[in-house]
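Residue numbers (my numbering), protein chains in the order written: chain P, 20 to 312; chain H, 1216 to 1495; chain C, 4 to 363. Report on one structure; see the data block that follows.
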Amino acid sequence: MLKQVHFKSSALPYMLVAPQIIITLVFFMWPASQAIYQSLLIEDAFGLSSQFVWFDNFKELFEDDRYIKTFGRTLFFSAMVAMLSLSVSLVLAAMADRVIRGTGIYRTLLIWPYAVAPVIAGALWVFLFYPTTGIISTFLTSMGYEWNHQLKGNQAMFLVVIAAAWKQISYNFLFFLAGMQSIPKSLIEAAAIDAAGPLKRFWTIIFPLITPTTFFLLVVNIVYAFFETFGIIHVVTKGGPANATEILVFKVYNDGFVGLDLGGSAAQSVILMILVIGMTIFQFKFIERKVEY
Amino acid sequence: MIENRPVSTAVSHLVLLAGVAIVLFPIWITIVAASHDVARLLEVPLPLGLGDQFFENLKQVVSTGVEGSTPIGIMLFNSLVMALMIAFGKITISLLSAYAIVYFDFRFRMLFFWMIFLTLMLPVEVRILPTYEVVAQLGMLDTYWGLTIPLIASATATFMFRQTFLSVPDELLEAARIDGAGPMQFFFDILIPVSRTSIAAMFVILFIYGWNQYLWPLLITTDKSMVTIVMSIKGMMEALEETPKWHHIMMTALLAMIPPVLVVIGMQKLFVKGLTETEK
Amino acid sequence: MSHILLKGVEKIYPNGYQAIHGVDLEIEEGEFIVLVGPSGCGKSTLLRMVAGLETITSGEVHIAGRKVNDLEPSQRDIAMVFQNYALYPHMTVYKNMAYGLKNLGTAKDEINRRVGDVAKLLELEDLMQRKPKQLSGGQRQRVAMGRAIVRKPAAFLFDEPLSNLDAKLRVQMRLVIKNLQARLGTTTLYVTHDQVEAMTMADRLLVLNAGIVEQIGTPMDLYERPQTRFVAGFIGSPAMNFVEVKLSDDGSKFHIGDNALPLNKALDTSQSEITFGFRPEHLVLDDHGIIPLKIALIEHLGAESIIHAKLNNSDDKSSNAITLRLNGHTKEQNGNIVRASIAPEHYHFFNQKSGHRIRS
Ligand SMILES: Nc1ncnc2c1ncn2[C@@H]1O[C@H](COP(=O)(O)OP(=O)(O)OP(=O)(O)O)[C@@H](O)[C@H]1O
Ligand SMILES: [Mg+2]
Chain P
20 MLKQVHFKSS
30 ALPYMLVAPQ
40 IIITLVFFMW
50 PASQAIYQSL
60 LIEDAFGLSS
70 QFVWFDNFKE
80 LFEDDRYIKT
90 FGRTLFFSAM
100 VAMLSLSVSL
110 VLAAMADRVI
120 RGTGIYRTLL
130 IWPYAVAPVI
140 AGALWVFLFY
150 PTTGIISTFL
160 TSMGYEWNHQ
170 LKGNQAMFLV
180 VIAAAWKQIS
190 YNFLFFLAGM
200 QSIPKSLIEA
210 AAIDAAGPLK
220 RFWTIIFPLI
230 TPTTFFLLVV
240 NIVYAFFETF
250 GIIHVVTKGG
260 PANATEILVF
270 KVYNDGFVGL
280 DLGGSAAQSV
290 ILMILVIGMT
300 IFQFKFIERK
310 VEY
Chain H
1216 MIENRPVSTA
1226 VSHLVLLAGV
1236 AIVLFPIWIT
1246 IVAASHDVAR
1256 LLEVPLPLGL
1266 GDQFFENLKQ
1276 VVSTGVEGST
1286 PIGIMLFNSL
1296 VMALMIAFGK
1306 ITISLLSAYA
1316 IVYFDFRFRM
1326 LFFWMIFLTL
1336 MLPVEVRILP
1346 TYEVVAQLGM
1356 LDTYWGLTIP
1366 LIASATATFM
1376 FRQTFLSVPD
1386 ELLEAARIDG
1396 AGPMQFFFDI
1406 LIPVSRTSIA
1416 AMFVILFIYG
1426 WNQYLWPLLI
1436 TTDKSMVTIV
1446 MSIKGMMEAL
1456 EETPKWHHIM
1466 MTALLAMIPP
1476 VLVVIGMQKL
1486 FVKGLTETEK
Chain C
4 MSHILLKGVE
14 KIYPNGYQAI
24 HGVDLEIEEG
34 EFIVLVGPSG
44 CGKSTLLRMV
54 AGLETITSGE
64 VHIAGRKVND
74 LEPSQRDIAM
84 VFQNYALYPH
94 MTVYKNMAYG
104 LKNLGTAKDE
114 INRRVGDVAK
124 LLELEDLMQR
134 KPKQLSGGQR
144 QRVAMGRAIV
154 RKPAAFLFDE
164 PLSNLDAKLR
174 VQMRLVIKNL
184 QARLGTTTLY
194 VTHDQVEAMT
204 MADRLLVLNA
214 GIVEQIGTPM
224 DLYERPQTRF
234 VAGFIGSPAM
244 NFVEVKLSDD
254 GSKFHIGDNA
264 LPLNKALDTS
274 QSEITFGFRP
284 EHLVLDDHGI
294 IPLKIALIEH
304 LGAESIIHAK
314 LNNSDDKSSN
324 AITLRLNGHT
334 KEQNGNIVRA
344 SIAPEHYHFF
354 NQKSGHRIRS
């Protein structure tokens, strides 16, 4: 954590951390404590009076069927996004690791989605699947499959999963490829001498050796799906139809800014914060351990 | 690789090409849609190849703007300001705080570290409402400061620079101390140049992060002159209840995509190296 | 007056580990002092305390007549060469060497001149615009030295500067360093665990063991009159042979197993159980010799032969391994039983418990 060799204490380190600490205090600690405070209050619709109600907001949330459903939906959504994105990029990375020429070109081509904003990604996929005039949706219709994600909940979920997973492929691909390329050539050669075919080599040598990368990416993908897909959902489905694609982050926003239920929204924020902190500590422990080796 | 079997290599290339085709398909269609007029985009079957309206559409979007919205030039400028302020701001404060935490022994060091660390990966989306209220109370709504500073309060960059600094050999500091360099001299003369790969990678990540912000600018800007290009897409799609004007939307989407794509592709080497070496 | 002075220097690390136990050392101006000892004995710790990179727990360090305990490394007027060189990777060779001078506020043309001189001295002129990555190990080593020399410090500190080089280059650089130091006349403290380096380079050697000074002296001193069993075993290769022996009651002879070796002069000891030491090169094969040996293995090195043998005794207890070093080629075979003798002036005796040398 601290360098063996370091400078002695003086005023300097305090000055160095000050900007970040001040910003953290003002824009994180203060809002976070506000959220915690508000999560313990019930405010009337005009914000004129409020009442301290302890954990009633939380109790209400967990007794609310819709919230529980949203929770489950978020888990499902994250799992689908992570699985889809990880498996596609794993296959692509394994192939890119195998070819001698062109690895760099493939990487350059596959890196694009990383740069695209979630909301733009959402817009692109909406265009492709727009009922009656989308390229893919009209194709599906001509095949006899009725597509209308504005009306059908499972199609809407499918679409946001695809859009979210698509955006994450680049990142996963980069890490998988880097992980595979850092495996010593001699190991692969030894396996080849042991007459293991390419597929067997992948499952018995390469895949186990990149487990740490896979694990790291799994956490990153889940965090991404939980918190960074707001733009996609907002532009593709607005959480609909009939809440079919409403995930936790979307609900916080919706209840707070649209529904103006400050207490309930704050309670949801607090729950999300606890979730993130948990995931972060989990991942941090993992990174720390890896660094030591 | 080991055996040079043409078949298996060909299969690999095929799979990769298929992957690239799928991944780039939406982007290709964006370009296609931006090159046709609106009528063609409502005709089934829809075009898969380029049309001849690209520059016409570009001209319309750039000169007159999309009806009722802010001119593209201003939105691009706002996006650029936001992306650069976030990238430079975050890199600066993170380099400083990571330096303090790694290279100085001082009271409350761990307290500060945990305070910063708690904000790691905690996106604004989670604490959106109270943060909005704080910014409103500070009178920073509809300002560049309000747009950027709250987003600077996250620890990803600090954490990454901390990792980078920890991997810098101790002897460099010792040699610098013998050479008479003070803490700030060591920081500027040695540590920053030595960490430039991470800094470059972080710049790419943060530029894209800033450029692609959506929810936060959506909430905090009401003034039309503060709109960013990424935000504008949603408004355009909802402008009218009828079918969206796809040719303009896709042209705008393209314009919104180009700067971050150029940054990623242009700095690809440094970005990939910095990202995968330090974050793992 | 001594140029570097260490008085009762101790180091206790923050975790409570005491790495250095009271070291006293006086170094004359221009002297080349080598610190040797096994890995982990505290050599680097001691050197780094002189450099100012470690705090001094207690005791005093003086350099050029100044007490430097509380001075920053840059104020101590020293220069250091690190094991991995610690060159600034983003700076050219020129800038690496100039950095310290620049920080001292030296005028630009003065920096230019001094760096130029040193570059010439170390034959680095053609490499000045290269980055460390573009240099070979030996070249990096020379740049690291150049960086030290250019500052004209009162003392050079070296921490195993040659251990990252291959064997041949190491021999070469050994000479380069020694010659340079002699030419510049700069007081030098040099850490190594390689005893050949230690013997060939040092004016005086300091042998450190577990943070304690075992002996300070010239290389020949240490070779001929090691003051402890540790020093005796550490200096010389192959290492000195040790046999536990019994002194006769009147102190006139001692026994190795069944055989009695006479002593010319009585030993200054009250113990009868003592350690007898003799160097492999001082054993000679001699049919009338008193020491019976059974040869286990012979290594032929061309110029010399190393014989690994066992004491051929009736009692099993003292079947110590004994090494002999003979000039040229020997006709002896594995398994042969031979006899050997040692001239009495090459006898060394040590207290079995304390390990201290027993004077005769
Ligand atoms: N920062 C530290 N904290 C605690 N103990 C330390 C620290 N640095 C070194 N030591 C211990 O002090 C002892 C001496 O270390 P030192 O590095 O001086 O050994 P050395 O003689 O230079 O060894 P080597 O030949 O391997 O370089 C070792 O036992 C080491 O484990
Ligand atoms: Mg050492």
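For every residue, glycine included, the Cβ atom is placed at its ideal position computed from N, Cα and C.
Could you tell me if the beta carbon of C:T48 falls within a distance shorter than 7 angstroms of some heavy atom in ligand 1?
To locate residue 48 of chain C, count along the third sequence from 1; it is residue 45. Because some heavy atom of ligand 1 lies under 7 angstroms away, the Cβ of C:T48 counts as near it: yes.
Consider the C-beta atom of C:E57 and the heavy atoms of ligand 3; say whether any pair is separated by less than 7 angstroms.
Ligand 3 is not among the ligands present in this structure, which contains only ligand 1 and ligand 2.
According to DSSP, is C:D162 helix, strand or coil?
The sequence position of residue 162 of chain C within the third sequence is 159, counting from 1. Residue state, collapsed to three classes: strand.
Evaluate contact between the stretch 244-256 of chain P and the stretch 32-48 of chain P, counting only Cβ atoms and requiring at least three cross-stretch pairs below 8 angstroms.
no
Beta-bridge partners of P:F71, as assigned by DSSP
What you label residue 71 of chain P is simply residue 52 of the first sequence in a count that begins at 1. Looking at the DSSP assignment, P:F71 forms a beta bridge with P:L60.
Compare the C-beta of H:P1398 against all C-beta atoms of chain P and say whether one is closer than 8 angstroms.
By one-based count along the second sequence, residue 1398 of chain H stands at place 183. Yes - at least one Cβ of chain P is within 8 angstroms of the one on H:P1398.
In chain order, what residues of the same chain lie with their CB nearer than 7 angstroms to the CB of P:T264, ignoring the 5 residues before and after it?
As a position in the first sequence, residue 264 of chain P is number 245, starting the count at 1. Excluding residues within five positions, the ones whose Cβ falls inside 7 angstroms are A175, M176, V179, I252, T256, G258.
Using a Cβ-based criterion (distance less than 7 angstroms to any ligand heavy atom), does H:E1182 qualify as near ligand 2?
Nothing about residue 1182 of chain H can be read from this structure; chain H reaches only from 1216 to 1495.
Measure from the alpha carbon of H:S1369 to the alpha carbon of each residue in P:V254, P:I61, P:I124, P:F46, then state which is nearest.
By one-based count along the second sequence, residue 1369 of chain H stands at place 154. Among P:V254, P:I61, P:I124, P:F46, the Cα nearest to that of H:S1369 is on P:F46.
For H:E1494 and C:P17, I'd like the C-alpha separation in whole angstroms.
Reading the second sequence from its first residue, position 279 is the one you call residue 1494 of chain H. Reading the third sequence from its first residue, position 14 is the one you call residue 17 of chain C. Low confidence applies to H:E1494: its pLDDT is 49, below 50, so where it sits in the model is not reliable enough to give any reading.
Is C:E163 close to ligand 2? I mean its beta-carbon at under 7 angstroms from any heavy atom of the ligand.
Here the question's residue 163 of chain C lines up with position 160 in the third sequence. The answer is yes for C:E163.
Cβ-heavy atom distance, C:Y20 to ligand 1, below 7 angstroms
Numbered from 1 along the third sequence, position 17 holds the residue referred to as residue 20 of chain C. Result yes, Cβ under 7 angstroms from ligand 1.
Report the CB separation of H:L1356 from H:V1350 in whole angstroms; it is logged as a contact under 8 angstroms.
Working through the second sequence from its first residue, we reach residue 1356 of chain H at position 141. Working through the second sequence from its first residue, we reach residue 1350 of chain H at position 135. Yes, they are in contact, since the Cβ atoms of H:L1356 and H:V1350 sit about 6 angstroms apart, within 8 angstroms.
Where the beta strand (DSSP E) through C:D27 begins and ends:
Translated into the one-based positions of the third sequence, residue 27 of chain C becomes position 24. Where C:D27 is concerned, the enclosing beta strand (DSSP E) stretches over 21-30.
Going along the chain, which residues of its own chain have a beta-carbon closer than 8 angstroms to the beta-carbon of C:I301, five neighbours each way excluded?
Here residue 301 of chain C refers to the residue found at position 298 of the third sequence. Only S308, I309, I310, H311, T333, E335, Q336, N337 meet the Cβ criterion.
Residues near H:S1250 by beta carbon distance below 6 angstroms, same chain, minus five either side
By one-based count along the second sequence, residue 1250 of chain H stands at place 35. Counting only Cβ-Cβ distances below 6 angstroms, and skipping sequence neighbours, we find L1265, G1266, Q1268, F1269.
Helix, strand or coil for P:T248 per DSSP?
Within the first sequence, numbered from 1, the residue matching residue 248 of chain P stands at position 229. DSSP places P:T248 in coil when its eight states are reduced to three.
Between which two residues does the alpha helix (DSSP H) carrying H:A1254 extend?
Here residue 1254 of chain H corresponds to residue number 39 of the second sequence, with the count starting at 1. Taken as a continuous stretch (DSSP letters only), H:A1254 belongs to no alpha helix (DSSP H), as it is neither H nor E.
Tell me, which residues are paired with C:S61 by DSSP?
Residue mapping note: residue 61 of chain C aligns to position 58 of the third sequence, counting from 1. DSSP output for C:S61 lists C:E13 as bridge partner(s).
Quick one: Cα of P:S29 to Cα of H:Y1318, how far?
Position 10 of the first sequence, counting from 1, holds the residue named residue 29 of chain P. Position 103 of the second sequence, counting from 1, holds the residue named residue 1318 of chain H. So the two alpha carbons sit approximately 12 angstroms from each other.
Contained beta strand (DSSP E) runs [length at least 3] in the stretch 221-292 of chain C, N- to C-terminal order:
244-250, 256-259, 262-265, 276-281, 286-288
Is H:F1270 helix, strand or coil when you go by DSSP?
For this step, residue 1270 of chain H is matched to residue 55 along the second sequence. The answer is helix: DSSP assigns H:F1270 an H, G or I state.
Looking only at DSSP bridge pairs, what is P:N82 linked to?
Reading the first sequence from its first residue, position 63 is the one you call residue 82 of chain P. Checking the sequence shown, residue 82 of chain P turns out to be Glu, not Asn. Paired residues: none, contrary to the question.
Is the Cβ-Cβ distance between C:V194 and C:L38 less than 8 angstroms?
The sequence position of residue 194 of chain C within the third sequence is 191, counting from 1. The sequence position of residue 38 of chain C within the third sequence is 35, counting from 1. Yes, the Cβ-Cβ distance between C:V194 and C:L38 is below 8 angstroms.
Note down, in chain order, each residue of its chain lying with its Cβ closer than 8 angstroms to the Cβ of C:A205, except the 5 sequence neighbours on either side.
Residue numbering aside, residue 205 of chain C sits at position 202 when the third sequence is read from its first letter. Taken in chain order, the residues that qualify are F35, I36, V37, Y193, T221, P222.
What whole-angstrom Cβ distance do H:Y1424 and H:V1445 have, given they're in contact under 8 angstroms?
If you number the second sequence from 1, residue 1424 of chain H lands on position 209. If you number the second sequence from 1, residue 1445 of chain H lands on position 230. Incorrect: roughly 11 angstroms between the Cβ atoms, too far for contact.
Short-range partners of chain P found in the stretch 1220-1234 of chain H, where Cβ spacing is below 7 angstroms:
S1223, T1224, S1227, H1228, V1230, L1231, G1234
When you compare the CB positions of P:L267 and P:T93, do they come within less than 8 angstroms of one another, or not?
Here residue 267 of chain P corresponds to residue number 248 of the first sequence, with the count starting at 1. Here residue 93 of chain P corresponds to residue number 74 of the first sequence, with the count starting at 1. In contact: P:L267 and P:T93 (Cβ atoms closer than 8 angstroms).
Between the C-alpha atoms of C:T203 and C:I180, what's the straight-line distance to the nearest angstrom?
For the purposes of this step, residue 203 of chain C is taken as residue 200 along the third sequence, with counting starting at 1. For the purposes of this step, residue 180 of chain C is taken as residue 177 along the third sequence, with counting starting at 1. The alpha-carbon atoms of C:T203 and C:I180 are separated by roughly 11 angstroms.
Measuring straight from C-alpha to C-alpha, what distance separates C:F279 and C:E247?
Numbered from its first residue, the third sequence carries residue 279 of chain C at position 276. Numbered from its first residue, the third sequence carries residue 247 of chain C at position 244. Those two C-alpha atoms are separated by around 6 angstroms.
Which residues in chain P have a C-beta closer than 9 angstroms to the C-beta of H:N1427? List them in chain order.
Here residue 1427 of chain H refers to the residue found at position 212 when the second sequence is read from its first residue. A134, V135, A136, P137, V138, I139, G250, listed in chain order.
Could you list which residues in chain C have their beta carbon closer than 9 angstroms to that of H:V1409, in chain order?
As a first step, residue 1409 of chain H must be located in the second sequence, where it is residue number 194. Going along chain C in sequence order, the residues near H:V1409 (Cβ under 9 angstroms) are Y91, P92, H93.
Residue range of the unbroken beta strand (DSSP E) whose run includes C:V328
One-based indexing of the third sequence puts residue 328 of chain C at position 325. A small fix is needed here, since residue 328 of chain C is Arg in this sequence, not Val. 324-330 is the extent of the beta strand (DSSP E) around C:R328.
Alpha-carbon to alpha-carbon, H:L1229 and P:I225:
For the purposes of this step, residue 225 of chain P is taken as the residue at position 206 of the first sequence. For the purposes of this step, residue 1229 of chain H is taken as the residue at position 14 of the second sequence. About 21 angstroms.
Assigned secondary structure, C:L74 (DSSP; H/G/I helix, E/B strand, else coil):
Locating residue 74 of chain C in the third sequence gives position 71, where the first residue counts as 1. Three-state DSSP puts C:L74 in coil, outside helix and strand.
With 8 angstroms as the limit, tell me which residues of the stretch 1300-1312 of chain H have their beta carbon closer than that to any beta carbon of chain P; keep them in chain order.
T1307, I1308, S1309, L1311, S1312
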